[in-house]
Structure formats: C-alpha cells, structure tokens
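J.: Chain order of the listed sequences is A and B. Under this note's numbering, the first residue of the first sequence is numbered 3, with each subsequent residue one higher. Under this note's numbering, the first residue of the second sequence is numbered 3, with each subsequent residue one higher. Okay, here's the structure, questions in a sec.
There are 2 protein chains.
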Amino acid sequence: MSPSRRPYHHADLRAALLAAAVATIEDNGAAGMSVREVARRAGVTHTAATYHFGDRAGLLAAVAAEGYALLAEALVAASQEQRGFLEMGVAYVRFAIAHRAHFEVMYQPRLYDPDDRAVQAAKQETAALLYGSRNATNEQLAAGVAAWAIVHGFVTLWLNDNIPSRLGDDPEDIARAVASNLRVPRGRRA
Amino acid sequence: MSPSRRPYHHADLRAALLAAAVATIEDNGAAGMSVREVARRAGVTHTAATYHFGDRAGLLAAVAAEGYALLAEALVAASQEQRGFLEMGVAYVRFAIAHRAHFEVMYQPRLYDPDDRAVQAAKQETAALLYGSRNATNEQLAAGVAAWAIVHGFVTLWLNDNIPSRLGDDPEDIARAVASNLRVPRGRRA
DNA sequence: TGGAGTATCTTTCCAGTGACAAGATCATAT
DNA sequence: ATATGATCTTGTCACTGGAAAGATACTCCA
Numbered sequence: 003m004s005p006s007r008r009p010y011h012h013a014d015l016r017a018a019l020l021a022a023a024v025a026t027i028e029d030n031g032a033a034g035m036s037v038r039e040v041a042r043r044a045g046v047t048h049t050a051a052t053y054h055f056g057d058r059a060g061l062l063a064a065v066a067a068e069g070y071a072l073l074a075e076a077l078v079a080a081s082q083e084q085r086g087f088l089e090m091g092v093a094y095v096r097f098a099i100a101h102r103a104h105f106e107v108m109y110q111p112r113l114y115d116p117d118d119r120a121v122q123a124a125k126q127e128t129a130a131l132l133y134g135s136r137n138a139t140n141e142q143l144a145a146g147v148a149a150w151a152i153v154h155g156f157v158t159l160w161l162n163d164n165i166p167s168r169l170g171d172d173p174e175d176i177a178r179a180v181a182s183n184l185r186v187p188r189g190r191r192a
Numbered sequence: 003m004s005p006s007r008r009p010y011h012h013a014d015l016r017a018a019l020l021a022a023a024v025a026t027i028e029d030n031g032a033a034g035m036s037v038r039e040v041a042r043r044a045g046v047t048h049t050a051a052t053y054h055f056g057d058r059a060g061l062l063a064a065v066a067a068e069g070y071a072l073l074a075e076a077l078v079a080a081s082q083e084q085r086g087f088l089e090m091g092v093a094y095v096r097f098a099i100a101h102r103a104h105f106e107v108m109y110q111p112r113l114y115d116p117d118d119r120a121v122q123a124a125k126q127e128t129a130a131l132l133y134g135s136r137n138a139t140n141e142q143l144a145a146g147v148a149a150w151a152i153v154h155g156f157v158t159l160w161l162n163d164n165i166p167s168r169l170g171d172d173p174e175d176i177a178r179a180v181a182s183n184l185r186v187p188r189g190r191r192a
C-alpha cells in the first residue's frame with residue numbers, strides 16, 4: 003500500500019460520504035439519516051456506502067469517532083490559550099454548536115456500536131482532557147464531572163430550544179453566565 | 003363488561019399503545035422504535051396505531067407529552083417534601099432514570115412535532131417548576147438554568163455511560179456530590 | 001507487457017417500514 | 001332498529017437497510 007494510493011472512481015469516497023452524512027444529519031437529524039440519502043448526496047449507490055462502513059451503524063460510528071477527535075482538538079487548542087477554567091467550558095459549547103451533527107451522534111451510543119475501536123480510542127483521549135489528572139481524589143473528580151455536566155447540559159438544552167430567550171441569543175455568553183454559578187475547584191483559575 | 007374473547011374495540015387501545023411504545027423505546031431506543039413493532043406488542047395492526055396518533059411523529063409526541071407530565075408530577079412531589087434545592091435536582095435525576103424512554107424522546111424534539119399542543123402545555127408547566135418565579139432577575143434566571151443544566155447534563159452523561167465508574171454506581175448519590183459544586187442561589191436552602 | 005489478483009463500485013433482490021385509501025366491524029344515540 | 005360515527009383491518013405503494021453477485025478500474029509481479 004503506497005502512501006498516496008488513489009482510489010479510482012472517487013478521489014476519496016469515504017471522506018465524501020462522511021461529509022455527506024454530517025450534512026444529512028444537520029438537515030434531518032441522526033434518526034432521519036438514511037444511508038441511501040447520504041449516498042445520493044455523494045453521487046453514488048447506497049451499497050458503496052455500505053462497502054466503506056459496513057452498515058448504517060458503522061457510518062454513524064465513523065461520525066462519532068470524527069466528532070470525538072474534533073472535540074479533543076478543540077479542547078487542546080482551548081487549553082493552550084491559557085484562558086482558564088471557564089473558557090474551556092465555552093470551547094465545549096462552541097464545539098457542540100459548530101458541529102451539532104457530530105455532537106448529536108456522539109452522545110447517542112445506541113445509534114452505533116459503542117465498542118467500535120475508532121470510537122473508543124477517540125473517546126478516551128477526550129475523556130482524559132475533560133477529567134484532568136488520573137490521580138485526583140473523588141472530590142476533585144466530582145468537580146470535574148460537575149464542570150463537564152453543566153456545560154454539556156446547557157448546550158444540550160440550548161440545542162433543543164429549552165433555554166429561555168430572555169437570556170439572549172449568544173450561547174457562549176449565556177454559557178459564561180450559567181457556568182459562573184459553579185464553584186471554582188481549588189488550584190484552578192476561573 | 004362480559005369476558006368476550008377479544009373485543010374488536012380495545013378497552014383503551016390508545017393507552018396500551020403508548021405503554022407499548024415506551025417499552026419498545028426502552029428496548030431499542032427512540033430511533034429504533036417502529037410503529038409496526040409497537041402495534042405488534044399491543045396485538046393490533048399498525049394502522050390502528052396510526053389511527054390514534056396520526057403518524058409515527060404523533061406517537062412520539064404523545065410519549066413526550068406524557069413524559070413532561072410525569073416530570074412535572076415528580077417535581078411537584080419533590081418540592082412538597084421541602085428538602086431543599088439539591089433534592090429537587092435529585093428528583094430530576096431519579097425521573098430521568100426511572101423513565102428513560104420518556105426522557106430520551108422529550109429532549110429530541112426533532113423526533114416529534116415540537117409545536118404539538120399537548121406537548122407544549124405539559125412542557126410549559128414543567129418549565130415553570132424548573133425556572134422558578136417569572137419576575138426573577140437575569141442573574142437569578144441564569145442560576146436556575148445552571149441548576150437545571152448540571153443535573154440534566156449529569157443524568158444525560160450517566161445514561162450514556164460517560165460517568166467514571168470510580169464515582170460509584172448510585173446515580174442519585176453521585177448527583178448530590180456533583181451538584182454540590184454549584185453555588186447555592188440566594189434565598190434558597192441547599 | 002500482460003495477466004492475475006484486489007479494491008472499489010453497481011446491479012439486483014429481499015424483507016421490513018410508514019403512510020394512505022378503502023373496506024369491515026362495532027357502539028351508541030335517537 | 002337503524003343510522004351514524006368511531007374504531008380497527010386489508011391492501012397497496014414508495015422507501016429503506018442489507019446481502020449476493022457481477023462489473024470495473026487499479027496494482028503488482030512474471
């Protein structure tokens with residue numbers, strides 16, 4: 003397998019199908035995504051998609067894996083900005099909204115095979131970033147979960163139209179106002 | 003009511019179908035629920051279900067509406083216990099886990115018609131309970147959203163197997179530990 | 001250079017699904 | 001008792017996911 007192996011019919015059908023799947027999910031939701039529709043958008047028969055991803059669940063697993071990778075990337079970038087604890091949460095919110103299709107699939111493991119290897123790998127990398135050091139006390143761990151929970155809960159509710167419009171229309175600003183109700187864990191900058 | 007073998011007119015087919023739908027969603031997830039499977043469980047043809055609920059989205063809307071009503075009931079009961087702020091959040095967690103099928107559907111408005119009248123009514127009743135008084139300041143409102151977000155985020159992550167097992171296996175206990183990281187709003191008992 | 005072998009994609013088929021139209025059956029008011 | 005409406009079934013259609021088998025284009029090696 004030479005490194006620049008070029009598939010014939012399509013430059014990179016796998017990537018094109020993945021992008022088409024994301025676009026379809028943005029339009030119709032994950033439950034409303036059909037393999038045939040995705041294949042149509044990529045200009046290909048549905049069995050071509052099945053060839054690359056095994057089945058519908060496999061396609062969604064690929065979306066989830068890509069999502070976890072994108073999230074990890076965003077969190078690393080945010081942590082390097084050194085803007086403190088709160089802005090990490092804001093980065094999470096920004097990711098969920100910018101990639102709502104990925105986000106939707108990631109947190110519905112019933113839609114794919116949660117034991118999928120690519121998913122597991124990407125997911126564990128993300129978990130490490132979200133939970134912090136491994137030798138934390140249970141109390142510190144609970145504080146980390148609290149931080150994750152509040153931003154995850156907020157953005158989930160936001161995406162589902164469950165946040166009162168009175169708070170404004172900029173989710174990142176609202177996230178700051180909401181998350182500032184969290185106690186700042188010891189040794190962390192707010 | 004004579005014990006006829008099998009009444010052409012079911013005693014309360016609508017309720018039976020609703021229960022069957024919830025059971026199916028528990029087993030297969032909301033996306034994996036088919037109208038035909040639900041009807042089979044109720045011992046009836048799929049068009050009977052369509053008759054009562056219009057279409058698949060209508061059936062899911064009924065599940066969502068029932069869910070919001072059950073949630074409101076649980077929250078009212080918890081508030082009457084007078085155990086303070088934190089235990090209201092615990093009641094939310096308990097509801098989500100006890101009625102995971104309802105919960106799953108409620109927060110995926112794409113699965114049904116979010117403007118459905120029964121859903122809207124039940125939803126607004128719940129929102130009032132979660133947000134508190136209407137003439138709160140934005141800051142107070144943000145605190146209410148924070149409380150909702152943290153328990154909603156936590157239980158969502160719990161249901162999706164995203165909470166480190168190190169914290170234990172009783173979600174209510176973990177919820178207390180997690181939610182205690184929230185600042186207690188003025189005038190509220192912890 | 002020219003096959004052989006492989007990766008990629010299509011064609012074809014099947015059972016299951018949601019929706020609709022039309023028909024059958026039951027309940028109830030008058 | 002019967003007309004009327006509510007409730008449920010039958011039959012049909014287009015769409016879906018998946019499997020089997022074939023076609024096509026590329027790669028590798030003699």
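Ideal placement from N, C-alpha and C gives every residue a C-beta, glycine not left out.
Taking the beta carbon of B/Tyr94 as the centre, do at least 16 other beta carbons fall within 10 Å, making it buried, or is it exposed?
T.: Buried is the call here.
J.: If you drop the 5 nearest sequence neighbours on each side, which residues of the same chain put their C-beta closer than 7 Å to that of B/Trp150?
T.: Taken in chain order, the residues that qualify are Leu132.
J.: Using only the alpha-carbon positions, how far apart do A/Arg7 and B/Thr52 sit?
T.: With a pLDDT of 39 at A/Arg7, under the threshold of 50, the predicted position of this residue should be treated as unreliable, though the coordinate-derived value follows. If you take the alpha carbons of A/Arg7 and B/Thr52, they lie about 51 Å apart.
J.: Once the 5 residues before and after A/Met108 are set aside, which same chain residues still bring their CB inside 7 Å of it?
T.: Excluding residues within five positions, the ones whose Cβ falls inside 7 Å are Ala66, Gly69 and Tyr70.
J.: Comparing C-alpha positions only, which one of A/Ala177, A/Leu20, A/Leu113 and A/Asp14 sits nearest to A/Ala98?
T.: Here the closest residue by C-alpha is A/Ala177.
J.: Taking Cβ positions only, does A/Phe105 come closer than 8 Å to chain B?
T.: Judged by the 8 Å Cβ criterion, A/Phe105 is not in contact with chain B.
J.: Does the CB of A/His54 have a neighbour CB from chain B at under 8 Å?
T.: No, A/His54 does not count as interfacial toward chain B.
J.: Looking at B/Val40: is its Cβ nearer than 8 Å to the Cβ of B/Thr49?
T.: Contact: no.
J.: Compare the beta carbon distance of A/Ala145 and B/Asn183 with 8 Å and say whether it is the shorter of the two.
T.: Yes.
J.: Out of curiosity, what's the CA-to-CA distance linking B/Phe105 and A/Ala18?
T.: Taking the straight line from one Cα to the other gives about 34 Å.
J.: Starting from the C-beta of A/Gly134, find all residues in its chain whose C-beta is less than 7 Å away, skip the five residues before and the five after it, and write them out in chain order.
T.: Excluding sequence neighbours, A/Gly134 sits near Gly146.
J.: Closer than 7 Å to a non-hydrogen atom of the ligand GTP - does that hold for the CB of A/Asn183?
T.: In the structure shown, the ligand GTP is absent, as is every other ligand, since no ligand is present at all.
J.: Near A/Arg38, what residues of its chain come up, given a Cβ to Cβ distance below 6 Å and the 5 sequence neighbours on each side ignored?
T.: Contacts found: His48.
J.: If distances are taken between C-alpha atoms only, which option among A/Leu159, A/Ser81 and A/Gly56 comes closest to A/Thr128?
T.: Closest option to A/Thr128, Cα to Cα, is A/Ser81.
J.: B/Leu184 touches chain A at which residues, Cβ-Cβ below 9 Å?
T.: Going along chain A in sequence order, the residues near B/Leu184 (Cβ under 9 Å) are Ala148, Ile152, Asn183, Leu184 and Arg185.
J.: Beta-carbon of A/Pro173 versus every beta-carbon of chain B: anything under 8 Å?
T.: It does not; no Cβ of chain B falls within 8 Å.
J.: Roughly how many angstroms separate the alpha carbons of B/Gly56 and B/His101, rounded to a whole number?
T.: Computed Cα separation, rounded: 24 Å.
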